[in-house]
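K.L.:
Starting off with a structure, shown below.
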Amino acid sequence: MLGVTDYGAFVIAFLLLLAIPGPGNFALITATGKGGIKGGLAATCGVILGDQVLMWLAVAGVATLLAAYPAAFHVVQWAGAAYLAWLGLRMLLSKPGGAPRTTRMDSGQYLRQTMMITLLNPKAIMFYMAFFPLFVDPVHHQGMITFAFMAVTVAALTLLYGLVAVLLTHHLAERMRASPKMANLLERLAGACLVGFGIKLAAMR
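Residue 133 in the UniProt record's numbering is what sits at position 133 of the sequence shown, and the numbering runs on without skipping anything.
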C-alpha cells in the first residue's frame with residue numbers, strides 16, 4: 001500500500017508503542033485532568049505536531065547528524081531531561097488542597113507543553129529512523145509519498161489513541177474531583193514519574 005509493506009502490522013505496532021507509559025502519556029493525562037477534554041485534545045495535538053517534526057527530521061537524516069556529532073545529541077538530551085524534571089517538580093511541589101498553577105493554563109499552553117516534551121527527546125528521532133525502514137517495501141517504495149503516507153497514518157493513530165485516552169481520563173477525573181487529597185496525590189505521582197523520566201533521559205548514553 002503506497003510502498004508500505006504489511007500495513008496492518010505497521011498500524012498494530014505503532015498502537016502498541018503509543019500505549020507504552022512515557023512522558024507524553026503522563027502529560028496527556030495530566031492535561032486532561034486539569035483542562036478537561038479540551039485540554040486533553042490540545043495536548044494530543046501537541047504530541048502529533050511534535051511527532052511530525054521528529055519524523056520528517058528523521059527522514060531528512062537528522063538522526064545520522066546527531067549520531068555523527070554526539071555533542072549535539074547530548075545538548076538536546078539534557079535539555080529534554082531538564083524540561084521534564086522542571087514540569088515534574090512543579091507538580092510535586094503543588095500545595096495540597098490548593099489549585100495548581102497548571103489549572104489556569106489555556107489549550108494553547110497544553111499543546112505547547114506536550115509538543116516540547118515530544119521534541120526534546122532525541123531518542124525519538126532515532127526511533128523513527130529505525131522504525132520506518134521496517135515497513136518500507138524496497139521494491140514498491142515511492143519516495144516521499146511513502147513517508148508522507150506513513151506520517152499521516154501515525155498522526156491519525158495518535159489522534160485516535162489520544163481521543164480514547166482523553167475520554168477515559170476525563171471520566172475518571174470527574175470522579176476524583178470530589179476528593180481533592182486524592183487528586184493532589186495523583187498529581188504528585190505524575191510529577192514524580194516525569195522527574196523519573198527526566199533522570200532516565202539524562203542518564204542515557
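All residues carry an ideal CB built from backbone N, CA and C; glycine is no exception.
1) Check the C-beta distance from leucine 28 over to alanine 43 and give it rounded, since I have them as a contact under 8 Å.
2) Skipping 5 residues on each side, what residues in its chain have a beta carbon closer than 6 Å to that of glycine 46?
3) Hey, would you say phenylalanine 149 sits closer than 8 Å to valine 59, going by beta carbons?
4) Pull the bridge partners of valine 4 from the DSSP assignment, please.
5) Can you tell me the Cα-Cα spacing of glycine 196 and alanine 82, whole angstroms?
6) Given this structure, state the Cα-to-Cα distance separating leucine 2 from alanine 9, to the nearest angstrom.
7) Looking at the secondary structure, which residues open and close the alpha helix (DSSP H) in which tyrosine 110 lies?
8) Which of the three DSSP states is assigned to arginine 188 in this structure?
9) Give the secondary structure of isoleucine 145 by DSSP, where H, G and I count as helix, E and B as strand, and everything else as coil.
10) How close, in whole Å, do the beta carbons of glycine 88 and histidine 170 come, if the pair is a contact with beta carbons under 8 Å?
11) Taking its Cβ as the centre, do 16 or more other Cβ atoms sit within 10 Å of alanine 144, making it buried, or is it exposed?
P.N.:
Taking the geometry as given:
1) The residue labelled residue 28 in the question sits at position 28 within the sequence shown. The residue labelled residue 43 in the question sits at position 43 within the sequence shown. The beta-carbon separation of leucine 28 and alanine 43, rounded to 5 Å, stays under the 8 Å limit for a contact.
2) For the purposes of this step, residue 46 is taken as the residue at position 46 of the sequence shown. Answer for glycine 46: Leu111, Thr114 and Met115, listed in chain order.
3) As a position in the sequence shown, residue 149 is number 149, starting the count at 1. As a position in the sequence shown, residue 59 is number 59, starting the count at 1. Not in contact: phenylalanine 149 and valine 59 (Cβ atoms no closer than 8 Å).
4) As a working mapping, residue 4 is identified with position 4 in the sequence shown. DSSP, once it has assigned bridges, lists Val136 as partnering valine 4.
5) Along the sequence shown, one-based indexing puts residue 196 at 196. Along the sequence shown, one-based indexing puts residue 82 at 82. Between glycine 196 and alanine 82, the C-alpha separation is close to 11 Å.
6) Along the sequence shown, one-based indexing puts residue 2 at 2. Along the sequence shown, one-based indexing puts residue 9 at 9. For leucine 2 and alanine 9, the distance between alpha carbons rounds to 15 Å.
7) Counting from one through the sequence shown, the residue named residue 110 turns up at place 110. Taken as a continuous stretch (DSSP letters only), the alpha helix (DSSP H) holding tyrosine 110 covers 107 to 119.
8) If you number the sequence shown from 1, residue 188 lands on position 188. Helix.
9) Here residue 145 refers to the residue found at position 145 of the sequence shown. DSSP places isoleucine 145 in helix when its eight states are reduced to three.
10) If you number the sequence shown from 1, residue 88 lands on position 88. If you number the sequence shown from 1, residue 170 lands on position 170. Rounded, the Cβ-Cβ distance is 22 Å, inconsistent with contact.
11) Counted from its first residue, the sequence shown places residue 144 at position 144. The amino acid occupying residue 144 in the given sequence is methionine; alanine does not appear at that position. With fewer than 16 other Cβ atoms within 10 Å, it is exposed.
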